[in-house]
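Peer 1:
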Amino acid sequence: MSSEELFLAALCDKANVPLLSVSSISSFNEHPYFLQLAQDETTQFNGVAALLRAFKWRTVVFIYEDAADSSQILSHLHDTFRDNDVDTVHDIGITLRATDDQIIKKLHNLRTMRTSTIIVHASVYLASQIFKNAKTLEMISGNFAWIVTSKTMNLLDFQDSAVVDGSSKIAWQ
């Protein structure tokens with residue numbers, strides 16, 4: 001939750017007034033008057049962990065949009081993966097303001113890591129930039145397996161061939 005959401009949730013708890021929020025991070029246990037309307041992004045990590053187990057992929061790299069709620073999402077992801085014997089060898093935060101050169105540099109570093117399974121949890125805009133640059137580096141049709149979370153998937157435009165060409169190794173979660 002952002003600091004603004006925490007402040008409002010605390011006020012609503014004190015006044016016993018419900019707060020309807022479109023936040024994707026649930027905190028009902030801590031703030032019973034904070035009612036979340038959006039799907040909890042963190043629940044999907046159980047499904048991702050099951051997919052990883054099914055393919056016997058035990059190590060992953062997690063690419064995420066570096067935003068205000070990133071630490072909470074990372075905490076949930078690490079807890080879920082640890083419970084499922086999946087090792088996150090590296091977390092890569094990328095801001096919305098990242099240039100193509102910055103994204104390429106971060107993707108290029110993936111080639112030296114001991115895993116080829118990559119999970120992307122980013123807005124559609126940032127995910128499109130990531131995949132465009134991964135395609136430039138020949139990482140889409142190569143030896144890499146990509147898993148996309150619902151944060152990206154729910155709004156991804158399948159008509160954008162720059163994003164989906166060669167995507168036979170992308171698991172749409």
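According to UniProt numbering, the sequence shown holds residues 1 to 173 in order.
Each residue gets a CB set at the ideal place from its N, CA and C atoms; glycine is no exception.
Which residues mark the beginning and the end of the beta strand (DSSP E) in which T88 is found?
Peer 2: Indexing the sequence shown from 1 puts residue 88 at position 88. Element bounds for T88: D87 to I94.
Peer 1: Output yes if chain D places a C-beta closer than 9 Å to the C-beta of N16; else output no.
Peer 2: The displayed structure is made up of one protein chain only, and chain D is not part of it.
Peer 1: Taking DSSP as the reference, what is the three-state secondary structure of A145?
Peer 2: What you label residue 145 is simply residue 145 of the sequence shown in a count that begins at 1. Here A145 sits in strand by DSSP.
Peer 1: May I ask you to list the residues that DSSP assigns as paired with I118?
Peer 2: Counting from 1 along the sequence shown, the entry for residue 118 is found at position 118. For I118, which the question treats as bridged, DSSP gives the partners V61 and W146.
Peer 1: Does DSSP classify V124 as helix, strand or coil?
Peer 2: Start at 1 with the first residue of the sequence shown, and residue 124 comes out as number 124. Helix at V124.
Peer 1: In chain order, what residues of the same chain lie with their CB nearer than 8 Å to the CB of I104, ignoring the 5 residues before and after it?
Peer 2: Translated into the one-based positions of the sequence shown, residue 104 becomes position 104. Only N133, T136 and L137 meet the Cβ criterion.
Peer 1: Among residues of its own chain, excluding the 5 on either side of G93, which ones have a beta-carbon nearer than 7 Å to its beta-carbon?
Peer 2: The residue given as residue 93 occupies position 93 in the sequence shown. Once the five neighbours on either side are set aside, the close Cβ partners of G93 are Y64, D66 and S70.
Peer 1: Nearest CA to the CA of Y9: which residue from W57, F131, T152 and F34?
Peer 2: Stepping through the sequence shown from its first residue, residue 9 is reached at position 9. Note that residue 9 is Ala in the sequence shown, not Tyr. The candidate whose alpha carbon is nearest that of A9 is F34.
Peer 1: Short check: CB of V60 to CB of I119, under 9 Å?
Peer 2: The count along the sequence shown starts at 1 and reaches residue 60 at position 60. The count along the sequence shown starts at 1 and reaches residue 119 at position 119. For V60 and I119, yes; Cβs fall inside 9 Å.
Peer 1: Could you tell me the distance, in whole angstroms, from the CA atom of T43 to the CA atom of S123?
Peer 2: In the sequence shown, residue 43 corresponds to position 43, counting from 1. In the sequence shown, residue 123 corresponds to position 123, counting from 1. Distance between the alpha carbons of T43 and S123 is about 17 Å.
Peer 1: Helix, strand or coil: which one does DSSP assign to F55?
Peer 2: The sequence position of residue 55 within the sequence shown is 55, counting from 1. Correct three-state label for F55: coil.
Peer 1: When burial is assigned at 16 or more other CB atoms within 10 Å of the CB, is K56 buried or exposed?
Peer 2: Position 56 of the sequence shown, counting from 1, holds the residue named residue 56. Result: exposed.
Peer 1: What three-state label does DSSP hand L35 in the structure shown?
Peer 2: The residue labelled residue 35 in the question sits at position 35 within the sequence shown. It is a strand residue.
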